[in-house]
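2 protein chains.
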Amino acid sequence: MSVNKEEVLQLFRERIGQIKSYEEALGVLFWDMRTGAPRKGTESRSKAIGVLSSQAFALQTGEDLGQWLTALEQPEILNTLGEVDQRLVTETRKDYDRSVKIPPKLHEEYVILTSEAESFWEQAKETGDYASFQPYLDKIITYTNKFIDLWGAKETRYDTLLDMYEPGITTAELDRVFGGLREKLVPLAAAIAASPHQPDTSFLKQNYDKDAQKKFSKFILEQIGFDFEAGRLDESVHPFATGLSTGDVRITTRYLADDVTSALFGTIHECGHALYEQNIREDLRGTTLCTGTSMGIHESQSRFWENVIGRSRPFWNRYFGNLQELFPGQLDVPVEDFYRATNVVAPSLIRIEADELTYNLHIIIRYEIEKLIFNEGVTAAELPALWNQKYQEYLGITPENDAVGVLQDVHWSGGAFGYFPSYSLGNMYAAQMTETLERELPNVWELVGKGELHPIKDWLTDKVYQYGKLRTPAELITAITGKPLDPQYLVDYLERKYKDIYKL
Amino acid sequence: MSVNKEEVLQLFRERIGQIKSYEEALGVLFWDMRTGAPRKGTESRSKAIGVLSSQAFALQTGEDLGQWLTALEQPEILNTLGEVDQRLVTETRKDYDRSVKIPPKLHEEYVILTSEAESFWEQAKETGDYASFQPYLDKIITYTNKFIDLWGAKETRYDTLLDMYEPGITTAELDRVFGGLREKLVPLAAAIAASPHQPDTSFLKQNYDKDAQKKFSKFILEQIGFDFEAGRLDESVHPFATGLSTGDVRITTRYLADDVTSALFGTIHECGHALYEQNIREDLRGTTLCTGTSMGIHESQSRFWENVIGRSRPFWNRYFGNLQELFPGQLDVPVEDFYRATNVVAPSLIRIEADELTYNLHIIIRYEIEKLIFNEGVTAAELPALWNQKYQEYLGITPENDAVGVLQDVHWSGGAFGYFPSYSLGNMYAAQMTETLERELPNVWELVGKGELHPIKDWLTDKVYQYGKLRTPAELITAITGKPLDPQYLVDYLERKYKDIYKL
Chain F
582 MSVNKEEVLQ LFRERIGQIK SYEEALGVLF WDMRTGAPRK GTESRSKAIG
632 VLSSQAFALQ TGEDLGQWLT ALEQPEILNT LGEVDQRLVT ETRKDYDRSV
682 KIPPKLHEEY VILTSEAESF WEQAKETGDY ASFQPYLDKI ITYTNKFIDL
732 WGAKETRYDT LLDMYEPGIT TAELDRVFGG LREKLVPLAA AIAASPHQPD
782 TSFLKQNYDK DAQKKFSKFI LEQIGFDFEA GRLDESVHPF ATGLSTGDVR
832 ITTRYLADDV TSALFGTIHE CGHALYEQNI REDLRGTTLC TGTSMGIHES
882 QSRFWENVIG RSRPFWNRYF GNLQELFPGQ LDVPVEDFYR ATNVVAPSLI
932 RIEADELTYN LHIIIRYEIE KLIFNEGVTA AELPALWNQK YQEYLGITPE
982 NDAVGVLQDV HWSGGAFGYF PSYSLGNMYA AQMTETLERE LPNVWELVGK
1032 GELHPIKDWL TDKVYQYGKL RTPAELITAI TGKPLDPQYL VDYLERKYKD
1082 IYKL
Chain Y
582 MSVNKEEVLQ LFRERIGQIK SYEEALGVLF WDMRTGAPRK GTESRSKAIG
632 VLSSQAFALQ TGEDLGQWLT ALEQPEILNT LGEVDQRLVT ETRKDYDRSV
682 KIPPKLHEEY VILTSEAESF WEQAKETGDY ASFQPYLDKI ITYTNKFIDL
732 WGAKETRYDT LLDMYEPGIT TAELDRVFGG LREKLVPLAA AIAASPHQPD
782 TSFLKQNYDK DAQKKFSKFI LEQIGFDFEA GRLDESVHPF ATGLSTGDVR
832 ITTRYLADDV TSALFGTIHE CGHALYEQNI REDLRGTTLC TGTSMGIHES
882 QSRFWENVIG RSRPFWNRYF GNLQELFPGQ LDVPVEDFYR ATNVVAPSLI
932 RIEADELTYN LHIIIRYEIE KLIFNEGVTA AELPALWNQK YQEYLGITPE
982 NDAVGVLQDV HWSGGAFGYF PSYSLGNMYA AQMTETLERE LPNVWELVGK
1032 GELHPIKDWL TDKVYQYGKL RTPAELITAI TGKPLDPQYL VDYLERKYKD
1082 IYKL
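If you read the protein sequences in the order shown, they are chains F and Y. Sequential numbering of the first sequence, starting at 582, is according to the numbering used here. Sequential numbering of the second sequence, starting at 582, is according to the numbering used here.
Rendered as C-alpha cells:
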C-alpha cells in the first residue's frame, strides 16, 4: 500500500487535536457543573454533554482514523516518525481498538445503566439499604464481564480492567506489592493503636474563619509553585483537579468551619495533580498525550505533596508561624504538637477519611474483592459479608451497617472496577521516588525547612511532569529510581515516620 | 415525493436539539473566558472554540438538513405541524439559506480578517491612529458587500444587514422612526443643556465599598425577580448576559470603587436580558426558538428595567433607604437629589457612557453612516470627517481625536454592521410597551413604590418573554400595543421625564 505519509500524518494530528479540544470543552462543562452552575440548568446541560460526548466518541472511532492508524503503523513509516508521533500512534491504537470493540448499542445501554445506578447507589447509601442497590451492581458486573469478553482477557480477566487505569499493571504484580504491604502494615497499625503516646488533636476542632483558610490555601499554593496564570482555585463539595490544557488547570477545595486541616491538605493534594498537568512538555500540548500517564502516577504526585511534603516536620517548622498568624489565639501550641496532630493514625471505616498508613489497607480490601468478582465469579450478593470480614481482619473493626461499609464508595456504581489500586500505587510510587529525590537532592529537607520548594517541583518536572503520557508508569519509575515498583520503600517510609511519632 | 413525516420531523428536531446543545456548550466556553479563565489557557481554549464552532456550522449547513426542510416545507405537511414546528421550519430555513450561500473559503477568510481586525482596532483606538485601521475597515466593507451580493439585496442593500439583527426592519422604517426621534430629541437635549436646574452629582463620586455594592446588586435582582436557581451573577470587565438555557442564565457586572451607580444600573440592565431568557415557554426549550426574538426586543427589556423602572422616582422612593443603609454616612441626601443625580442628561462623545436621551442620537449617527456606506458607497476614508460633522450637528460637540470619535466602538471591526439600530429600537419598544403597561396595570407606579415588582415581570412574561422566537418583533409590538412601532412614545416619555427633572 502506498500512502502519502505527510498527508496522513497531518490528518491524524488534526483528528487528535479535535479529540483533545472536545475533551477540553467537556472538561469545562463538568467543572462548571461542579462549581456553581444553577440547579435548574442540569437537564439541558446533561443533554449538551451527551451531544458533545457522542461526537467525541465518533471522532475517536471513525473508520478514517482506523485507516490512518493502519497506514502509520507500517514499520517503514512508523520508524521515521518522531517519538511523540510514534507514541501517539500506539496510544491512539489502544484506545481505538478498545472503543470499536464495543457495539454502540451496548455502550449506550451501559451508559444509561451506570447513570441510573449512581442515583440508586446514593439512595441506598443514605438508608444503608444494600439490597436495593444489589440488582444494579449485579447488572454492572454482568456488563463489565461482557466488555472483558469483547476486549479479551489478559493474564487474568481482572487484568483487563486494571490496564485501563494503570497501563501494564497486572494482578500478579499487585499480589506481590500489596502482599508485601499488607504483611507489614497490619502489625504496624496494631502497634500504633496500642501505643500510649497518642497525639492530642483537640485544638484542631475549633471554629476556623473561612476567609483566613482561603488565604492560607492560596499562600501555600504559591509556595509550592502552582501557577495562578495557568490555573485557578475554586470551591466544590467534592474537591477535584482538572487539566483543561497546560495553561488552564483547575483545582477545587472545601472549607470546613470546624477543621482547619481539611481544606489545607485537600488543597495541597489537588495542587500535586495540578503541578503535573501544568508542567507537561510544550511539544505534547494540544495532543492526547498531554495529560498524566496513569491514575497511579497522578496519585503519586498528589500524595507526595500532601503527605511526604505537607505532613512533614520541616514543612511545619517553616509554615506553622504563618498559619498561627492567620488564626490569632487559636493555635497557641508548639509546632511539634501540630505536626503530630496532623499525623494521627487510627483504624477507621471510611476510606476517604483514613490516614496515610491505614488508607492502604482500605485499598487492599477493595482490590482483593474486585479480584474475587472478576477472577472467581463472586456475586454482588456476597459482597457485604466479604467486606465486613476483611475490615475485621485487616483493620480490627466491623462496619455497623453497609452505609459505612460496602456502600461507601461511588466507584462501583459507575462501573469503575480496577480504579482503586491506583490510590495505593500512588503512595508506593511516591515513597520510591522520594528515596531517589533524597539521594539526588541531599539537602531537600533543609530546603523544605526554609520554604524553598521550587527545586522539588523542578526535579519532579524533570523526572515526571514533562513527559505527560509519553512514558508508561513502569518506564517512568524505572528510569527515575533505577528499579521497578517496590513496596518496601513505602513500608520503610511509614515505619520510620510513625515509629518516631508514636515512640514505638 | 413521498416522505415519512414523523421520521423526518424527528430527525429535524434531533438536529435542532444538537445545534442548541452546541450553542449552550459554546456559551459556557465564552462565559468562562470572560469571567476568570486563566490567561495562559487562551490559545488552547480558542482552538477548542474553533473546533466546536466548525462542527456547529456543519450541523447547521448539512445537506441532510436541507432535505428535511424541503420535505417539511411541503404545504400538505407544513400545515399539519404545530405552531412551534412550523416556526422552527421557517426560522431554520432562513438561517440555512443564509449560511449555505457563503462559500466556506470566503467565510474562513472573513473570520480570520475580522479576528485580526479587532486587535488592530484595539491598537488604533489606543493611539487614536485611524489610518492604521482604515485598510482593515475597507476590507471588511468589501467582504460585507460580497455577502450582500450572495444573500441578495433586499429593498436596499443595507436592509439585508439590518434583517440579521432585527428581522423585518427596513431602512424605510428606520428613516421614519429615527427621523421622528431626531427631530424631537435634538432640541430637547439643547433645552436641557441650557437649563439652570442642573442636578448635583458630586456625592456620587466617593469610595463605595465593593462588598456592599455586591450585596445591593443581589438584593435588587431578587426584588425584580431574577431566579438565582436558574442563573448566577458574576464579574467581568465588560458586563453581559448569556442565556445558556432557560434554567441557566448568567449575567455579569463590574463594580467601580468610585461610582455606586455603574454596577447598580448595569446589573439591572443585564437582569432585563436575563428575565427574558429565564421565562421562555416550556415547549420551546431545547430548540433554537428558545432565545430572544431580536436584538431590539432584547434591548427593550434591559432598557425597560434599567431606565423606565430603575431610574424612576417611585423605584427610589422605595429602595433608597436600603441603599443608604449599606453605605452609612455616604448618601445623606434627600431621595429626590439621588433620583435627579442618576438622571443627568448631557451631550457627550462616548456612546456607552451616554444618558438615556442622548444615547439615541449616538445611535442615529451610526445608523446614518452605515446607510451611507452600503447604500451610497461611502468609503472608510471618508468616515472620520462624516462622524465629526454629525456629532457637531446633533450633539453640539466635536471629538478632539478619533479615539473618542469614529474609533470608539468595537462593532465595525467585527463586521457587525446593522447592529447599532437595535439599541434605539429597544428604547422605542420599551416606551411603547410602557404606555400599554400603564393602561393594563393602572396601579403600576404604586406597585413600584411599594417594591412589588413581580406583577410587572409577570405582565412582560405574558406579553413578551414566553414567546422566545415564536413571534417576530413586529408581531409582538403590534399584539401588545395594538400599533406598529411608533417613536412618539419614546419622545413623550423623555419629554415628560426630563421637563420635570430640568424644570423646563
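Using N, Cα and C, we set each Cβ at its ideal position, and we do this for glycine too.
Query - Ala1055/Y, enclosing beta strand (DSSP E) - first and last residue - result: Reading the second sequence from its first residue, position 474 is the one you call residue 1055/Y. Not the beta strand (DSSP E): Ala1055/Y falls in the alpha helix (DSSP H), residues 1054-1062.
Query raised in the report: chain Y beta carbons: is any one of them nearer than 8 Å to that of Gly828/F?
Result: Numbered from its first residue, the first sequence carries residue 828/F at position 247. Taking Cβ atoms only, chain Y reaches closer than 8 Å to Gly828/F, which makes this a yes.
Report task. Establish whether the CB of Asp730/Y and some CB of chain F are separated by less than 8 Å. Result -> The residue you call residue 730/Y lines up with position 149 of the second sequence. Taking Cβ atoms only, chain F never reaches closer than 8 Å to Asp730/Y, which makes this a no.
Query - Thr695/Y beta carbon less than 8 Å from that of Gly996/Y - result: Here residue 996/Y is taken as the residue at index 415 of the second sequence, counted from 1. Here residue 695/Y is taken as the residue at index 114 of the second sequence, counted from 1. Between Gly996/Y and Thr695/Y, the CB-CB gap stays under 8 Å.
**Report entry** Identity of the residue in Asn585/Y, His992/Y, Val1045/Y, Arg620/Y nearest Thr872/Y by Cα
**Finding:** Counted from its first residue, the second sequence places residue 872/Y at position 291. For the residues Asn585/Y, His992/Y, Val1045/Y, Arg620/Y, the minimum Cα distance to Thr872/Y belongs to Val1045/Y.
Query raised in the report: Between the segment 705-713 of chain F and the segment 1011-1027 of chain F, are three or more C-beta pairs nearer than 8 Å?
Result: no
Query raised in the report: From this set, Trp968/F, Glu937/F, Val841/F, Asp645/F, which residue's C-alpha is nearest Tyr1004/F's C-alpha?
Result: Along the first sequence, read from residue 1 onward, the residue named residue 1004/F stands at position 423. Of the listed residues, the one whose Cα sits closest to Tyr1004/F is Glu937/F.
Query raised in the report: Under 8 Å between C-beta atoms, does Ser625/Y make it to chain F?
Result: Taking the second sequence and counting its residues from 1, one reaches residue 625/Y at position 44. Output row for Ser625/Y: interface = yes.
Query raised in the report: For the segment 815-823 of chain Y against the segment 848-855 of chain Y, are there 3 or more C-beta pairs whose distance is under 8 Å?
Result: yes
Query raised in the report: With a CB to CB cut of under 6 Å and the five nearest residues on each side skipped, what residues in its chain are close to Met582/Y?
Result: For the purposes of this step, residue 582/Y is taken as residue 1 along the second sequence, with counting starting at 1. Because the pLDDT of Met582/Y is 47, which lies under 50, any placement of that residue in the model is unreliable, and the number read from its coordinates should be weighed accordingly. So no residue of the chain qualifies.
Requested in this report: Given a cut-off of 8 Å, decide if Asn941/Y and Leu766/Y are closer than it, judged by their beta-carbon atoms.
Outcome: Position 185 of the second sequence, counted from the first residue, corresponds to residue 766/Y. Position 360 of the second sequence, counted from the first residue, corresponds to residue 941/Y. Result yes, Cβ atoms of Leu766/Y and Asn941/Y sit closer than 8 Å.
Query raised in the report: Under the three-state reduction of DSSP, which class applies to Gly608/Y: helix, strand or coil?
Result: Taking the second sequence and counting its residues from 1, one reaches residue 608/Y at position 27. Looking at Gly608/Y - three-state DSSP - the assignment turns out to be helix.
Requested in this report: Find the residues of chain F that neighbour Leu766/Y, judging by a C-beta separation of less than 8 Å, and give them in chain order.
Outcome: The count along the second sequence starts at 1 and reaches residue 766/Y at position 185. Neighbours of Leu766/Y on chain F: none; closest Cβ ~40 Å, over 8 Å.
Report task. Closer than 7 Å by beta-carbon distance: list the chain Y residues that pair up with Asp636/F, in chain order. Result -> Translated into the one-based positions of the first sequence, residue 636/F becomes position 55. According to the sequence as given, residue 636/F is Gln; it is not Asp. Residues of chain Y passing the Cβ test: Gln636.
Query - Residue range of the beta strand (DSSP E) that includes Leu814/Y - result: One-based indexing of the second sequence puts residue 814/Y at position 233. Its beta strand (DSSP E) spans residues 812-816.
Query raised in the report: What's the gap between the Cα of Val692/Y and the Cα of Thr623/F?
Result: On the second sequence, residue 692/Y is found 111 positions in, with the first residue counted as 1. On the first sequence, residue 623/F is found 42 positions in, with the first residue counted as 1. Going by the C-alpha atoms only, they are around 33 Å apart.
**Report entry** Cross-chain neighbours of Glu810/Y in chain F, by beta carbon under 7 Å
**Finding:** Sequence index remark: in the second sequence, residue 810/Y carries index 229 (1-based). Within 7 Å Cβ-Cβ: Pro619, Arg620, Lys621.
Query - Supposed contact pair Pro965/F and Gly986/F - C-beta distance, whole angstroms, cut 8 Å - result: Within the first sequence, the letter at position 405 stands for residue 986/F. Within the first sequence, the letter at position 384 stands for residue 965/F. Yes, they are in contact, since the Cβ atoms of Gly986/F and Pro965/F sit about 7 Å apart, within 8 Å.
Query raised in the report: What residue does the beta strand (DSSP E) around Val830/Y start on, and which one ends it?
Result: Start at 1 with the first residue of the second sequence, and residue 830/Y comes out as number 249. Run containing Val830/Y: 829-834, per the beta strand (DSSP E) assignment.
Query raised in the report: Anyone know if the C-beta pair for Pro928/F and Leu976/F falls short of 8 Å?
Result: Counting from 1 along the first sequence, the entry for residue 928/F is found at position 347. Counting from 1 along the first sequence, the entry for residue 976/F is found at position 395. Contact flag set, yes.
Query raised in the report: At least one CB of chain Y closer than 8 Å to the CB of Lys628/F: is that the case?
Result: The residue you call residue 628/F lines up with position 47 of the first sequence. Judged by the 8 Å Cβ criterion, Lys628/F is in contact with chain Y.
Query raised in the report: In the segment 703-716 of chain Y, which residues sit with their C-beta less than 7 Å from some C-beta in chain F, listed in chain order?
Result: none
Query raised in the report: Out of curiosity, what's the CA-to-CA distance linking Ile600/Y and Gly749/Y?
Result: Within the second sequence, the letter at position 19 stands for residue 600/Y. Within the second sequence, the letter at position 168 stands for residue 749/Y. The alpha-carbon atoms of Ile600/Y and Gly749/Y are separated by roughly 24 Å.
Requested in this report: Find the residues of chain Y that neighbour Gln599/F, judging by a C-beta separation of less than 8 Å, and give them in chain order.
Outcome: Walking along the first sequence from the start, residue 599/F turns up at place 18. Result: Val632.
Query raised in the report: According to DSSP, what are the bridge partners of Asp840/F?
Result: Looking up residue 840/F in the first sequence gives position 259. Answer is Leu837/F.
Requested in this report: Let me know if Gly760/F comes out buried or exposed under the rule of 16 or more other beta-carbons within 10 Å of its beta-carbon.
Outcome: As a working note, residue 760/F is residue 179 in the first sequence. When all chains shown are included, Gly760/F counts as exposed.
Query raised in the report: What span of residues does the beta strand (DSSP E) with Ala822/Y cover, start to end?
Result: Along the second sequence, one-based indexing puts residue 822/Y at 241. 822-826 is the span of the beta strand (DSSP E), which, as asked, contains Ala822/Y.
Query raised in the report: For Glu1022/F, which three-state DSSP category applies?
Result: Taking the first residue of the first sequence as 1, we reach residue 1022/F at position 441. The identity of residue 1022/F in the sequence shown is Leu, whereas the question assumes Glu. Shown here, Leu1022/F sits in coil according to DSSP, grouped into three states, outside any helix or strand.
Query raised in the report: Does the Cβ of Gly891/F have 16 or more other Cβ atoms within 10 Å, making it buried, or fewer, making it exposed?
Result: Here residue 891/F is taken as the residue at index 310 of the first sequence, counted from 1. Label assigned to Gly891/F: buried.
Query raised in the report: How long is the line joining the alpha carbons of Lys971/Y and Glu754/Y, rounded to whole angstroms?
Result: Numbered from its first residue, the second sequence carries residue 971/Y at position 390. Numbered from its first residue, the second sequence carries residue 754/Y at position 173. Their Cα atoms are separated by approximately 21 Å.
Query raised in the report: Where does Val959/Y sit, in a helix, a strand or coil, going by DSSP?
Result: Taking the first residue of the second sequence as position 1, residue 959/Y is located at position 378. Looking at Val959/Y - three-state DSSP - the assignment turns out to be coil, as it is neither helix nor strand.
**Report entry** Ranges of the alpha helix (DSSP H) found wholly within the segment 909-965 of chain F, counting only runs of at least 4
**Finding:** 916-922, 940-957
Requested in this report: Rounded to whole angstroms, what's the CA-CA distance from Phe807/F to Asp840/Y? Just pull it up for me.
Outcome: Working through the first sequence from its first residue, we reach residue 807/F at position 226. Working through the second sequence from its first residue, we reach residue 840/Y at position 259. Roughly 35 Å separates the two Cα atoms.
Query raised in the report: At a CB-CB cut-off below 9 Å, which residues of chain F make contact with Asp864/Y?
Result: Residue numbering aside, residue 864/Y sits at position 283 when the second sequence is read from its first letter. For Asp864/Y, no chain F residue has a C-beta closer than 9 Å to its own C-beta; the minimum C-beta separation is roughly 14 Å.
Query raised in the report: Going by alpha carbons, who is nearest to Gln794/Y out of Ser776/Y, Thr782/Y, Glu816/Y, Leu865/Y?
Result: Numbered from its first residue, the second sequence carries residue 794/Y at position 213. Cα-wise, what sits closest to Gln794/Y is Glu816/Y.
Requested in this report: To the nearest angstrom, report how far apart Leu731/F and Gly598/F are at their CA atoms.
Outcome: For this step, residue 731/F is matched to residue 150 along the first sequence. For this step, residue 598/F is matched to residue 17 along the first sequence. The straight-line gap from Cα to Cα measures roughly 28 Å.
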